[in-house]
Structures are given as structure tokens and as C-alpha cells.
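This report concerns only the one structure given below.
This is the structure in C-alpha cells:
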């Protein structure tokens, strides 16, 4: 069966800084894949390469068997219609209300009448546990946790078959993090979507992942079922998932890779 | 010697690179703007932001400039008994030069900075990336409406600035310098030609384009968090102000050649 995403030998560097150094990864249709790794390990860059927001230097990325690295802007725009994304800082548009954020794609890309789009937006807001009274507020008027829920509602508004989450719980307190984790799980299951979550939070990784891959120094150093990660014998993975300050992962990693 | 030449070469290459990037940015915004969908609500919002919200600052600048112009012209002209020419000097100065340039510089400070800051913040908080993932072209949605509004609204602001500036000169001339209102007005309209106003409006449209382009370009390409947005805002205001002054000279030279008897 063709995987949803097939990434082969992907490289990306910014100036002298190597970020991705031959990433190989397959994400199967309908699975929830979580990529873990320390800060600056290239997780977000990999996600942006999959979205076409950053062009990789070499290698290949296939989505449903089609090469996406050389696609035109129009092809990328069409491909992204089936992908919902929750960004690290929510990335809600400040100049419009909460419901307009949720309905943005419905109104601007699908040209749905505003009243119909608003109905769907309110429905999605309810699905992530937000009351209709929030809908007319501006994103700046709601808390960080609520913003993250709005971002999730926006991502699922058009019922996409692929969902990407970039550090979905960063900056949230443990209670809100648990709420977001549960919502992600529910949304992914309800849509039957293929999900890719980027995080360094092991709690969310264990909670939502079918499979986990660890990115270190621009390469996938371990990939396997979520329930096997605790027993894996890779010392880098063990140090990371147990949050140990000593081990093979050195804090100077970034400086070394620049050189 | 080699070091000096390589420095000059580097600066020249950097200049060419920046010009190329700016040109591509502009052409991309135009090409994207010509293709549907059209974001009319965004254009209307920018009309309001650039046009209506800039009225107080442009109006006040024009009013006091007209008033000062009347006083200074009187000081100079009274030395060779030419006080009667004040009305024509004020109307010519305001419509041909001070109206468009001062309105341009004030709008560059107000709107150019706001555009760079807003778009720059959207860039560093991933809102522009979010636009792309929501199947919306950011250049079409953010840049084209601002370019259209800049080119359209600046001439309208300059018409207002011209009227208020001339009115400021009238107030000082009548109530401070003791001119006869009827003869002052007669002289104002007698010496003003349509070409004076249109040359100012042509300049205004070009300045509006420069302000929007520089604000959007620097905001769109900002990076590095709050510091990057701050730098983008500074570059937008400084570059648009300098370009307005340079372009003003070029346009004045061209229009001067055309307007010669």
C-alpha cells in the first residue's frame, strides 16, 4: 500500500548550518506519527518541507505517491486543501474574529456564503469545547489555551484527511495540555485522518502516537511503535524520553553542526 | 586596493540583488492581483486605514505648512514690495510640491511603518505560513490590496492637503497680515492651473506606491522575532522617505520639462 508520505534522503541547510541531513521516513495512511527531538533538531523544518513552505535542497518527498518537491505554487495550493495545520503559536489572524479565523478557508478558498461558513465555524468551535460567545471575540481577547483550541477548530473546519500539529501544547499549562491532547486524539479519530505531530513533549507523544520517530542531528535515529519506545536500546532515545541531563546527547550539538 | 574593490563589488552586488528581489516581489504582487479571487474587503479595509485614518495627520501638517508658508513668504516678498504674490506662491507651492511631498512623508511614517509592523508580525508569528496552508496566496491577500489602496488614497489625501494648506495660508494672510479676502481669493484662483494640481496628484500616486511597496516588502521579508520586525519598520520608513525625495526630484524634472512654455 502506498504510504501517505514517503520521505527519502531529505537534505536542507541554511547557509552553513545543516538542518536535515538525509531524513528517511514513511507515514502510513491513517496512522498518527509523532516526531520527537530536541530544540533545533530540525522538526519544524521537516514539517515545513512537507507543507511546501520551505524547499528542501535535495532528496524526495512523496504524498500519495506523487513527488511534491518540484510542484508549482498552484499544485501546492491544491494539495494543501486536504491538510489542516495547527501552528506552534496558534498563528490566528489578529485582524478578524475567532469565528472568521475558523471559517477562513471556507470563505476565502471554498467561497462558501458567510452565514453558512459561520454555522460550520460555530459547530467546530463547539467540537473543541468553546461556546458561541467566544466566536465574536478577537484572538487577542482569549487565553493561549483557547487560542490553541481555535487553531484546532480552524484546522478541522474543512474535514481534511491530513492533520499536522507543530508543538501543539507548547506554552500551555498541564491541564490545558491534557485537554489539547484529548482533542487531537478525538479529531484525528473522528476524521480518520493521517496525523503528524512534532513535539518534544513525551506526554503528548505517548498519548497520541501510533508510531514515534526521533530526529537527532538532522537524521531519524529511531522509528517504531509508540509502545516500544520505552524498551528501545538506543541511548539517545533513552536519554531524551527520560529527560536525562547526562548521556550521548550533547548540549553543544548546535555549535558542532554549524561548523 | 583589492580589499577596497571587493568591498565596492560586494555593495554593488547587494544593491543589484535587493533591486531584483524588490522587482520580483512587485511583479508577483501584480500578477497575483490580476488573478481571481479578488479580496475586495481587504482593499476596502486598506482604503479606510490609509485614507480615512491618515486624514488628521495629513490635514494638520498641511494646515500649519500653509500658515508658515504665508508668514515666510511675506517676510521675503516684503523686502522687494512683492507681497501681492503671496497667494499665488502658496497655491503653487502647496499643489505642486508641499502637498504631495509632506503628505507622502507623513503617510510613510504612519502607514509605511504600520504595514511593515503588521506584515512583519504576521511573518514571525507564522500567520503568513498559516495563510498558505489555508489555500490563500499571501501576496494576493496582503500585498495587492495595500498597493491598490496606496496608489488610490494618496492622491485623495493630497487633494485634501492642498485645500487645507491653501486655507491655512488664507487664514494667516487675512487675519494676521491684513490682506483683502476677495482679492486674495481672486489671485489664488487666477494663478492656479489644472496642471499644477495634476502634477501633484501624479507625484502622490507614485509616492503612495512607494510607501506601500516598501512597507509590504520589508514586513514580508522580516525575520528574527521582535527585533526583526523593528528593523523592518525602520527600513520601511527610511527607504520610502528617501525614495520619495529622490523620486520627487525625478518627477519634478520630467513634469518641469513638459510644463515649459
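Chains as they are written, first to last, in the numbering used here: chain A, 3 to 261; chain B, 1300 to 1560.
Glycine residues also receive a C-beta, built at the ideal position from the N, C-alpha and C atoms.
### Query
Of all the residues that make up the segment 82-93 of chain A, which are near chain B by a beta-carbon distance shorter than 9 Å?
When C-beta distances to chain B are compared with 9 Å, the residues of the segment 82-93 of chain A below that value are 82, 83, 85, 86, 87, 89, 90, 91, 92, 93, in chain order.
### Task
Examine the ligand HEM and report whether any of its heavy atoms sits within less than 8 Å of the Cβ of residue 1353 of chain B.
In terms of ligand content, the structure shown is empty, and the ligand HEM therefore cannot be addressed.
#### Entry: Nearest candidate by alpha-carbon position, reference residue 1428 of chain B, set A/27, A/92, A/187, A/212
Nearest of A/27, A/92, A/187, A/212 to residue 1428 of chain B, Cα basis: A/92.
### Query
What's the gap between the Cα of residue 84 of chain A and the Cα of residue 1554 of chain B?
Taking the straight line from one Cα to the other gives about 54 Å.
### Query
Leaving out five residues before and five after residue 32 of chain A in sequence, what residues of the same chain have Cβ atoms less than 7 Å from its Cβ?
Excluding positions up to five away in sequence, the list reads 194, 196.
### DSSP-derived helix/strand/coil call for residue 20 of chain A
Here residue 20 of chain A sits in strand by DSSP.
### Query
Going by the CB atoms, is the gap between residue 1490 of chain B and residue 1390 of chain B shorter than 9 Å?
Yes, these two residues count as a Cβ contact at 9 Å.
### Query
Any idea which residues DSSP pairs residue 86 of chain A with across the strands?
According to DSSP, which records beta bridges pairwise, residue 86 of chain A is partnered with A/165.
### Query
For residue 27 of chain A, which of helix, strand or coil comes out of DSSP?
Secondary structure at residue 27 of chain A: strand, using DSSP grouped into helix, strand and coil.
### Task
Measure from the alpha carbon of residue 183 of chain A to the alpha carbon of each residue in A/57, A/204, A/164, then state which is nearest.
It is A/204 whose Cα lies nearest to the Cα of residue 183 of chain A.
### Query
Mind pulling the chain A residues with CB within less than 7 Å of residue 1432 of chain B?
Near residue 1432 of chain B (Cβ distances below 7 Å), the residues of chain A are 53, 82, 85, 87.
### Message
Is it the case that the segment 1438-1458 of chain B contacts the segment 1348-1359 of chain B, given that we only count it when at least three CB pairs across the two stretches are under 8 Å?
### Response
Verdict: yes, contact present.
### Task
Enumerate, from N- to C-terminal direction, the unbroken alpha helix (DSSP H) stretches of 4 or more residues contained entirely within the segment 131-200 of chain A.
Listed in chain order, they are 146-158, 176-193.
### Message
So if DSSP puts residue 1389 of chain B in a beta bridge, which residue, or which two residues, is it bridged to?
### Response
As far as DSSP is concerned, residue 1389 of chain B takes part in no beta bridge.
### Task
Kindly say whether residue 117 of chain A, judged by its beta-carbon, lies nearer than 9 Å to any beta-carbon of chain B.
Under the 9 Å criterion on CB atoms, residue 117 of chain A is classed as non-interfacial with respect to chain B.
### Query
So the alpha helix (DSSP H) residue 1516 of chain B belongs to, where does it begin and stop?
Counted as a single uninterrupted DSSP element, the alpha helix (DSSP H) harbouring residue 1516 of chain B occupies residues 1493-1519.
### Query
What number of angstroms, rounded off, separates the C-alpha of residue 1334 of chain B from the C-alpha of residue 53 of chain A?
Going by the C-alpha atoms only, they are around 23 Å apart.
### Query
Which residues bound the alpha helix (DSSP H) around residue 1312 of chain B?
For residue 1312 of chain B, the uninterrupted alpha helix (DSSP H) run begins and ends at 1301-1333, by DSSP.
### Message
With a threshold of 9 Å between beta-carbons, can residue 1345 of chain B be considered close to chain A, or not?
### Response
Between residue 1345 of chain B and chain A, the shortest Cβ-Cβ separation is not below 9 Å.
### Query
Exposed or buried, which one is residue 1420 of chain B when buried takes at least 16 other CB atoms within 10 Å?
Classification for residue 1420 of chain B: buried.
### Task
Taking all protein chains shown into account, decide if residue 1374 of chain B is buried (16 or more other Cβ within 10 angstroms of its Cβ) or exposed.
Burial call: exposed.
### Task
Please compile the residues from chain B whose C-beta is within a distance smaller than 7 Å of the C-beta of residue 111 of chain A.
Per Cβ cutoff of 7 Å: 1433, 1434, 1435.
### residue 107 of chain A at chain B interface by Cβ criterion, 9 Å
Output row for residue 107 of chain A: interface = yes.
### Message
Let's see if you can read the secondary structure: which residues bound the alpha helix (DSSP H) around residue 51 of chain A?
### Response
Per DSSP, residue 51 of chain A belongs to the alpha helix (DSSP H) from 45-53.
### Query
Buried or exposed: which applies to residue 75 of chain A, given that a residue is buried once 16 or more other Cβ atoms fall within 10 Å of its Cβ?
Residue environment: residue 75 of chain A is assigned as exposed (fewer than 16 neighbouring CB atoms within 10 Å of its CB, all protein chains considered).
### Query
Ends of the alpha helix (DSSP H) at residue 1414 of chain B?
Residue 1414 of chain B -> alpha helix (DSSP H) spans 1412-1423.
### Query
Does the beta carbon of residue 95 of chain A come closer than 9 Å to any beta carbon on chain B?
Output row for residue 95 of chain A: interface = yes.
### Query
Does the Cβ of residue 1302 of chain B have 16 or more other Cβ atoms within 10 Å, making it buried, or fewer, making it exposed?
Residue burial annotation: residue 1302 of chain B is exposed, with fewer than 16 other C-beta atoms found within 10 angstroms of its C-beta.
### Query
Looking only at its own chain, which residues have a Cβ that is under 6 Å from the Cβ of residue 1507 of chain B, when we skip the five neighbours before and after it?
Taking residue 1507 of chain B as the centre and dropping the five residues before and after it, the same chain places the C-beta of 1449, 1450, 1453 closer than 6 Å to its C-beta, in chain order.
### Query
In its own chain, which residues sit with a C-beta less than 8 Å from the C-beta of residue 1500 of chain B, not counting the 5 before and 5 after it?
Taking residue 1500 of chain B as the centre and dropping the five residues before and after it, the same chain places the C-beta of 1399, 1454, 1457, 1458 closer than 8 Å to its C-beta, in chain order.
### Task
Indicate whether at least one CB of chain A lies closer than 9 Å to the CB of residue 1461 of chain B.
Cβ-Cβ to chain A under 9 Å: no for residue 1461 of chain B.
### Query
When you check each C-beta in the segment 60-84 of chain A against every C-beta of chain B, which residues fall closer than 7 Å?
Here the close residues are 79, 82, 83.
### Query
Is it true that the CB of residue 1512 of chain B sits closer than 9 Å to the CB of residue 1321 of chain B?
Between residue 1321 of chain B and residue 1512 of chain B, the C-beta spacing is below 9 Å.
#### Entry: CB contact check: residue 156 of chain A to chain B, cutoff 9 Å
Between residue 156 of chain A and chain B, the shortest Cβ-Cβ separation is below 9 Å.
### Task
Have a look at residue 1401 of chain B and residue 177 of chain A and give me their C-alpha separation to the nearest angstrom.
Answer to the nearest angstrom: the Cα atoms are 55 Å apart.
### Query
DSSP state of residue 13 of chain A, grouped into three classes?
DSSP places residue 13 of chain A in strand when its eight states are reduced to three.
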